[in-house]
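Enquirer:
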Amino acid sequence: MKQTLIIFLTVFLAGSCANSQTTIPLWKTLPDVPQMPQAAESGLAAVNDIKMYYAIFNKDGKEPVILLHGGFGSSDDWGFEVPLLAKTHKVIVVDSRGRGRSTMSDQPLSYNLMASDVLKLMDYLKIKKASIVGWSDGGIIGLIMAIQYPEHVNKLFTFGANYNLSGYKTEPFDSALAARYMARVQANYRKLSPTPDSFLVLRKAIGQMYSTEPNLKPEDIKTIKAATVIACGQYEQFIKREHFQNLAHLIPNAKLVILPNVSHGGPLQDPAHFHQAVVNLLDVN
């Protein structure tokens, strides 16, 4: 029986959203991400036609969990979540192709290709099965992995991930916040990338992918067997609420989790409650 779980939790971080004159709603903030902790292992793996960056934390922890970042981001975006999750779990973060420290190739970007990259990385690391926690594009990659490689996915948590283009809102979003975000990701790209001057090339490649993808079929989504949570922010600015509801309805026994007072940036805006939602899935038998 399909279930919908809507979590509304008290937010204690309002004080971090104030400036000298006004209080900015939490869901409109862009918090700084703390530096990642020291990894137990990290490197560049030869994956498909790229070199893919990975880092592992708490190698002796229970049940490996792979964290997949969003479209223009990098594994460093998990600076809040990794210290929390690595207390108990073996945690692997990766930079998607062309992002962070990973290299790019001449192949057009696609979600299927990036899902294949993650699978090949699992082979490289000799990880047969892992849970996937994916934010935005990372969630789409997780959905594809659960569909195409079900034997390799234990549990699936997606945040702010759509399954086709019909999910996008048509009303304008906060352009000032978007500009701040793009300035941040461009600076991070220049700092981390082996090709620091190629951000516009990456932006064009991602834009071309976004024009036609994701395009997951309902009949394929219905085949997902992994225990799944479909999560979003109460003030998600890019994707319609009913789209997440439809996605959760399509996946057998999936739960819908709506985190209060946050938007698409929920893992940064309220990391404590985001983490609680993740472990509520991972640590339930």
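For the sequence shown, counting from 1, position 18 maps to 21 in my numbering; every step adds exactly one. Think of the CB as a built atom: it goes at the ideal place given N, C-alpha and C, for glycine as much as any other residue.
1. Please give me, in chain order, every unbroken run of the alpha helix (DSSP H) with length at least 4 that falls completely inside the segment 102-150.
2. Mind the definition here: the segment 115-130 touches the segment 244-251 only if three or more C-beta pairs lie below 8 Å; say whether that holds.
3. Does the Cβ of R183 have 16 or more other Cβ atoms within 10 Å, making it buried, or fewer, making it exposed?
4. For F277, is the classification buried or exposed, using 16 other Cβ atoms within 10 angstroms of its Cβ as the cut-off for buried?
5. According to DSSP, Y56 sits in a beta bridge with which residue or residues?
6. To the nearest angstrom, how far is it from the Cα of E174 to the Cα of P34?
7. Buried or exposed: where does G210 fall if 16 or more other Cβ atoms within 10 Å of its Cβ makes it buried?
8. Around the C-beta of G268, are 16 or more other C-beta atoms found within 10 angstroms, so that it is buried, or is it exposed?
9. For V281, write down the residues that DSSP places opposite it in a beta bridge.
10. If I measure Cβ to Cβ from A181 and keep anything under 7 Å in the same chain, skipping five residues before and after, which residues do I get?
11. Go ahead and label F60 buried or exposed: buried means 16 or more other beta carbons lie within 10 angstroms of its beta carbon, across all protein chains shown.
12. How big is the Cα-Cα spacing for P28 and K54?
13. If you run the structure through DSSP and keep just helix, strand and coil, what is I227?
Expert: Looking at the atomic coordinates:
1. 114-127
2. no
3. exposed
4. Buried.
5. Per DSSP, L47.
6. Going from the Cα of E174 to the Cα of P34 covers about 24 Å.
7. exposed
8. buried
9. Paired residue(s): none; V281 is not in a bridge.
10. none
11. Buried, by the Cβ-count rule.
12. 40 Å
13. coil
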